[in-house]
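Chains as they are written, first to last, in the numbering used here: chain Z, 1 to 247; chain V, 248 to 553.
Rendered as structure tokens:
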């Protein structure tokens, strides 16, 4: 949401596209690290539950402030490419979809390399798996967490900024995307990038099919119904077979 | 002090203020606070005692409200019976939803319950022919018993508080039982609880179902009291508001939650001009509570007790 809104304002102020994207990504990632520094790192009780409650609170503050300070309207954003649609194999679609697909591919490949090939990516995984053990190995977990907040802010801003030409920028637009992303990762299996990708594709196709054959009203509900069914029959997701804690 | 004695004192205060308060605005506000209290008591059992978060409770309130109203309108079933049937049905739905989702770790559970609340809202918005969609549902009959109709605010005030405080008593007794101690064991250390032979998943599903039934009962009463329901009363902001009430009241403290529920449901009505700012205030309250007051009002409360 923040990514989309900032991008909208920068473009409104007729800042060139590339520059505006860069500013958006970095400003959101700075905001995210600021949030970690000020709020999350100072939580009195750092159990999972209280951190969840806290992040919900922060989301409410961000969303409410944008709604109050700016407005609650949906703002259209121009397509990034200067031609509105392309036809390929007899199908025509908006040019922005090319950007979305390209950006997603780049993101997945680079995240894959980051987490499996670089040292700092491996450290991040270690902290996620067992923070105490990572600390014992001399990892500064706070720094790693700060960095992971910055990355997630960056990625979130990226998603927000490139989706707004398709879906408009609005103060409460982030929620649905976040939830659907979650549904996709459940369907595909946690901790599995390929799974999440395929889960996302499954959900997207199911949504479009249901909008076409049943009714577009229930389109948004489809993702979650699929998620619940998958949780019932295959709690580990379709692809993953590990990493879910069933105590 | 025994919490049951404290509950009796509160019941007396409530009854006395019910007799002496004369403004219908105040009475109806307090009656609604009592209905909210039913939801937050249920959520407190789940969040405060078992440590499982639900960000979709408004969805379950909506489920109860719509089902009981529809049963009463479309099938002309007695309102009491329809509330009862609706509560049973939504508990069943809660159990079906809770069974798979409660296998998830806490942060995934938060997302899943958030999604469930949204789905219920989308379905209500979508099925215009049945629920009236965004226009809402009107012409819901009044509650009455033996020719005595709950048609003014004072009558409903007493009824709502009686229900809320009885459910509070049930919850207090529940948490003092073997079952309640098992829940607290789950909250503090799941693996240890499992090692002591507690079927963690089963307990979580039971308490989730119970908490859903509280929510849906409150929803049913709300529908028959106001006589009009629309999906906008049961959005995600309402779900989060319930969580705020439990967190500020102190997770695991029934009386803390009682006070925070009353205060937080009255304040927005008094400062209705600041409606835009409430979500921000809610956010700040959550962050503030987690940073400085993880025990919420509970702390204040135990201090008074001594």
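Using N, Cα and C, we set each Cβ at its ideal position, and we do this for glycine too.
Check	Outcome
Contacts that residue 124 (chain Z) makes with chain V (C-beta to C-beta distance below 8 Å)	None at all; the shortest Cβ gap to chain V is about 17 Å.
Near-chain Z residues of the segment 343-361 of chain V (beta-carbon distance less than 7 Å), N- to C-terminal order	344, 347, 348, 350, 352, 353, 354, 357, 358 and 361
Uninterrupted alpha helix (DSSP H) stretches inside the segment 458-540 of chain V (no shorter than 4 residues)	483-496, 501-517 and 525-539
Endpoints, the alpha helix (DSSP H) within which residue 275 (chain V) is located	271-291
Nearest neighbour of residue 54 (chain Z), chosen from V:485, V:533 and V:545 [CA to CA]	V:533
For residue 161 (chain Z) and residue 246 (chain Z), the rounded distance between their alpha carbons	Below a pLDDT of 50, predicted positions are generally treated as unreliable, and residue 246 (chain Z), at 41, falls in that range; the measurement from the model is reported next regardless. Cα-Cα distance, rounded: 36 Å.
Secondary structure of residue 111 (chain Z), DSSP reduced to three states	helix
Short CB-CB distance (under 8 Å) between residue 449 (chain V) and chain Z	no
Rounded straight-line distance, which links the Cα of residue 146 (chain Z) to that of residue 285 (chain V)	40 Å
Beta-carbon spacing of residue 459 (chain V), residue 264 (chain V) below 8 Å	no
For residue 384 (chain V), the three-state DSSP class (helix, strand or coil)	strand
Residue from Z:158, Z:223 and Z:64 with nearest C-alpha to residue 24 (chain Z)	Z:158
8 Å CB neighbourhood of residue 452 (chain V) in its chain, flanking five on each side removed	342, 345, 346 and 349
Secondary structure of residue 434 (chain V), DSSP reduced to three states	helix
Alpha helix (DSSP H) segment containing residue 135 (chain Z), residue limits	131-136
is_contact[residue 330 (chain V), chain Z] using C-beta, thresh 8 Å	no
Residue nearest to residue 163 (chain Z) in terms of C-alpha spacing, selected from Z:178, Z:151, Z:149 and Z:210	Z:178
Outcome for residue 102 (chain Z) when other beta-carbon atoms lying within 10 angstroms are tallied against a minimum of 16	exposed
Residue of Z:52, Z:97, Z:37 and Z:20 minimising C-alpha distance to residue 166 (chain Z)	Z:97
Residue 475 (chain V) versus V:378, V:339 and V:435, residue with shortest Cα-Cα distance	V:378
Assumed close pair residue 280 (chain V), residue 508 (chain V) - CB separation to whole angstroms, cut-off 8 Å	6 Å
Buried or exposed by the 16-neighbour rule on C-beta atoms within 10 Å, applied to residue 140 (chain Z)	exposed
6 Å CB neighbourhood of residue 511 (chain V) in its chain, flanking five on each side removed	492
Distance between residue 373 (chain V) and residue 215 (chain Z) (C-alpha atoms, nearest Å)	9 Å
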